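**Q** Residue numbering for the sequence shown follows the working numbering, beginning at 33 and increasing consecutively.
To start, I am sharing the structure in question, which I have written as C-alpha cells.
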Amino acid sequence: MDELREDVFLQDDLIEELREDHAETEADDGREESSGGLSDVTRRTFIQGSVATGAAVSMAGGNLLQPDVLRAATEPVARTIDLRVNGETHELDVEPMDTLAMVLRYKLDLTGTKLGCDRAECGACTVLIDDVPHYGCSMLVHQVRGREVTTVEGLERDGVLHPVQQAVLDEMGFQCAFCAPGFIMSMAGLVKANPNATRADAQKWLAGHICRCGDYNKILNTAERALENARATLS
Ligand code: FES
Ligand code: FES
Numbered sequence: 033m034d035e036l037r038e039d040v041f042l043q044d045d046l047i048e049e050l051r052e053d054h055a056e057t058e059a060d061d062g063r064e065e066s067s068g069g070l071s072d073v074t075r076r077t078f079i080q081g082s083v084a085t086g087a088a089v090s091m092a093g094g095n096l097l098q099p100d101v102l103r104a105a106t107e108p109v110a111r112t113i114d115l116r117v118n119g120e121t122h123e124l125d126v127e128p129m130d131t132l133a134m135v136l137r138y139k140l141d142l143t144g145t146k147l148g149c150d151r152a153e154c155g156a157c158t159v160l161i162d163d164v165p166h167y168g169c170s171m172l173v174h175q176v177r178g179r180e181v182t183t184v185e186g187l188e189r190d191g192v193l194h195p196v197q198q199a200v201l202d203e204m205g206f207q208c209a210f211c212a213p214g215f216i217m218s219m220a221g222l223v224k225a226n227p228n229a230t231r232a233d234a235q236k237w238l239a240g241h242i243c244r245c246g247d248y249n250k251i252l253n254t255a256e257r258a259l260e261n262a263r264a265t266l267s
C-alpha cells in the first residue's frame, strides 16, 4: 500500500511539471507543428495527457478542476499500446482516460478483476504490477506500458494453484467472494514480498481492502495459510 500512496503523492510533482511543460510547449508550438511527422510536441502532448488524466483519476478533489489539467487531459494521445498481462503481450486500441481495470475487464475479458467503488476505496480491482499490488481502477492503462501486469487469472501455473489460491480452498475464506480477487492479489504480493510475514503484518498489508460481508477473520486465516503454503513450496 505504501507504493500506492507514493503513486498518489507523486502526482503533485507531476502536475507541477505538467504546468511548466505546457507553457514551454505553447512557446514551441508554431515551429514544431510546421515540421510535420511525430514531433516532440506530439510526444509531449501524449505524456501530458497521460499524467493529467492519471492525476485526475488518482486524486479526488481540487486537481480535477484545474484548467491546465483539464485542457491537457482532453488533447490527443497515442491510441495503440502494447500491454503485458499474465505473460502475454496484447496490442490494444485504448482511450486516453481508460483505466487499467476497465481495459482488463472490457477489452481483455479478464473479469476476475472486479470494480466495486471505482474510486480507490475498496480494493476489489487490485492487480499486481511488477509484483506489487495496485488499484486497477485508479491507474490509467497508459501508466503501465512496459510493465508486467498480473491478474487473478494469471496466478495458476501449469495447472498448479498459487499458494494463495490453495489457501482460499483450504480455509473457505470468503462468503460471497466479490472482494476475493482483490484480496487474493494483495496476498500474492505479500507472499512474494515476505513469506515470513505474520498475521499482524498481513492485517496491515490488507488494510486497503473492504469486505462487505465482514469476513475479515476468515480472510486473515487465509492469509496466514497462504504464507504457510508459500514457505512450504520454498523449502
Ligand atoms: S474498484 Fe478500485 S478500489 Fe474499489
Ligand atoms: S466475502 Fe462478500 S464482500 Fe467479501
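The beta-carbon is built from N, C-alpha and C at its ideal position, and this holds for glycine as well.
Quantities reported herein were computed from a predicted structural model and do not represent experimental measurements.
(1) Could you give the DSSP three-state label for residue 160: helix, strand or coil?
(2) Is residue 177 close to ligand 2? I mean its beta-carbon at under 6 Å from any heavy atom of the ligand.
(3) I believe residue 258 touches residue 199 by the beta-carbon criterion, under 8 Å. Please report the beta-carbon distance rounded to the nearest angstrom.
(4) Using DSSP's beta-bridge definition, name the partner residues of residue 113.
(5) Taking residue 176 as part of the alpha helix (DSSP H), name the residues at either end of that continuous run.
(6) So which of 196, 166, 243 has the shortest CA-CA distance to residue 208?
(7) Using only the heavy atoms of ligand 1, determine whether one of them is closer than 6 Å to the beta carbon of residue 148.
(8) Under 6 Å from any heavy atom of ligand 2, does the C-beta of residue 157 make it?
(9) By the DSSP assignment, the alpha helix (DSSP H) with residue 238 in it spans what residues?
(10) Mind checking whether residue 155 and residue 183 have CB atoms under 7 Å apart?
(11) What whole-angstrom Cβ distance do residue 139 and residue 203 have, given they're in contact under 8 Å?
(12) Mind pulling the alpha helix (DSSP H) runs of 4 or more residues that sit fully within the region 188–262?
(13) On the DSSP bridge assignment, give the partners of residue 131 in chain order.
(14) Tell me, which residues are paired with residue 167 by DSSP?
(15) Which whole-angstrom value describes the C-beta separation of residue 234 and residue 256, a residue pair presumed to lie in contact below a C-beta threshold of 8 Å?
(16) One question on the structure: do residue 159 and residue 130 come within less than 7 Å of each other, judged by their Cβ atoms?
(17) Considering only the beta carbon of each residue, do residue 179 and residue 161 sit closer than 7 Å?
(18) Are there 16 or more other CB atoms within 10 angstroms of the CB of residue 223, so buried, or fewer, so exposed?
(19) Please identify the residue among 254, 124, 177, 126 whose C-alpha is closest to the C-alpha of residue 205.
**A** Looking at the coordinates:
(1) Taking the sequence shown and counting its residues from 1, one reaches residue 160 at position 128. Reduced to three states, the DSSP call for residue 160 is strand.
(2) Position 145 of the sequence shown, counting from 1, holds the residue named residue 177. Flag unset: Cβ of residue 177 not near ligand 2.
(3) The residue labelled residue 258 in the question sits at position 226 within the sequence shown. The residue labelled residue 199 in the question sits at position 167 within the sequence shown. The Cβ separation is near 4 Å, so the contact holds.
(4) As a working note, residue 113 is residue 81 in the sequence shown. Answer is 124.
(5) For this step, residue 176 is matched to residue 144 along the sequence shown. Unbroken run through residue 176: none, as it is neither H nor E.
(6) Position 176 of the sequence shown, counting from 1, holds the residue named residue 208. The residue with the shortest Cα to Cα distance from residue 208 is 243.
(7) For this step, residue 148 is matched to residue 116 along the sequence shown. Flag set: Cβ of residue 148 near ligand 1.
(8) As a working note, residue 157 is residue 125 in the sequence shown. No, the Cβ of residue 157 stays beyond 6 Å of every heavy atom of ligand 2.
(9) On the sequence shown, position 206 is the one that residue 238 refers to. Premise fails: residue 238 is in no alpha helix (DSSP H) and is neither H nor E.
(10) Translated into the one-based positions of the sequence shown, residue 155 becomes position 123. Translated into the one-based positions of the sequence shown, residue 183 becomes position 151. No; because the gap between Cβ atoms is not below 7 Å, this pair is not in contact.
(11) One-based indexing of the sequence shown puts residue 139 at position 107. One-based indexing of the sequence shown puts residue 203 at position 171. The pair is not a contact, with the Cβ atoms about 33 Å apart (cut-off 8 Å).
(12) 195–203, 212–225, 231–237
(13) Here residue 131 refers to the residue found at position 99 of the sequence shown. BP columns for residue 131 point to 172.
(14) What you label residue 167 is simply residue 135 of the sequence shown in a count that begins at 1. DSSP lists 158 as partners of residue 167.
(15) Within the sequence shown, the letter at position 202 stands for residue 234. Within the sequence shown, the letter at position 224 stands for residue 256. About 7 Å separates the two Cβ atoms, so the contact holds.
(16) The residue you call residue 159 lines up with position 127 of the sequence shown. The residue you call residue 130 lines up with position 98 of the sequence shown. No. Outside cutoff.
(17) Counting from one through the sequence shown, the residue named residue 179 turns up at place 147. Counting from one through the sequence shown, the residue named residue 161 turns up at place 129. Contact flag set, yes.
(18) In the sequence shown, residue 223 corresponds to position 191, counting from 1. Buried, because 16 or more other Cβ atoms sit within 10 Å of the Cβ of residue 223.
(19) The residue labelled residue 205 in the question sits at position 173 within the sequence shown. When each option's Cα is compared against that of residue 205, the closest is 254.
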